[in-house]
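To keep things clear, I will list the structure first and then write my remarks on it.
Numbering (this note's numbering), first residue to last: 83 to 319.
Pasting the structure below:
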């Protein structure tokens, strides 16, 4: 158990969708974040990973639990994107009365370690990048950019449930790990978007979505994609 002035806690990976902790962790995520997959979708992801039938990389749900191991203090979920050797952080939630105390950051690091371990198992390589989507005005994103941990990528990003009217609401960030290049070829960024939509969101025909086509078109004639200067400029002022 860790004792750092917070409630006694430990981190566990929820590997069995049939246990009560799976639903409790998902409920915490749903209470904290408005835009979440249905419970059944997430439970199926866990089941496929447990059975070894998940395609494109495993899905992981981590819970930070208290001494009684009954109610999660925080939860994080994400998918390993095997096609691009990257982890994708889908959700990170902390119980409301415990926010601002470092639990989310600590749990996210555990999730990254889980991605690293799967990258080594799947391909014998170190995890290249961690990806995630977040509101551009998120204080968390601002903090991570100031610390030099992540870079919001300079192209219009949409997740599958967004319309073109939502352009500029979300950013896709990249946290370089083994892949330390400051910019990526635009083709690789397109592959990352494709992997997120197909693996993390299970969109079988993304090319049928106008937002996906719009993203691909915006990347088509570019050589590289780096950090979004329009986003970084106000953060440094």
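For each residue, glycine too, the CB sits at the ideal point set by N, CA and C. Given the structure is predicted, the values throughout are model-derived calculations rather than measurements.
When we look at the beta-carbon of residue 250 and count the other beta-carbons within 10 Å, is it buried (16 or more) or exposed? exposed
Note down the Cα distance separating residue 331 from residue 174, rounded to an integer number of angstroms. Here the chain covers residues 83 to 319 and nothing more, so residue 331 does not appear.
Measuring only the C-alpha atoms, how far is residue 202 from residue 255? 23 Å
Confirm, please, whether the CB-CB distance from residue 212 to residue 271 is below 8 Å. no
Ends of the alpha helix (DSSP H) at residue 221? 221-228
Should residue 290 go down as buried or exposed, given a rule of 16 or more other Cβ atoms within 10 Å for buried? exposed
For residue 234, does the count of other Cβ atoms within 10 angstroms reach 16, so buried, or fall short, so exposed? buried
Euclidean distance between Cα positions of residue 144 and residue 305: 37 Å
Cβ neighbour criterion (16 or more within 10 Å) applied to residue 137: exposed
Alpha carbon of residue 177 to alpha carbon of residue 101, nearest angstrom: 20 Å
Contact under 8 Å by Cβ, residue 96 with residue 107: yes
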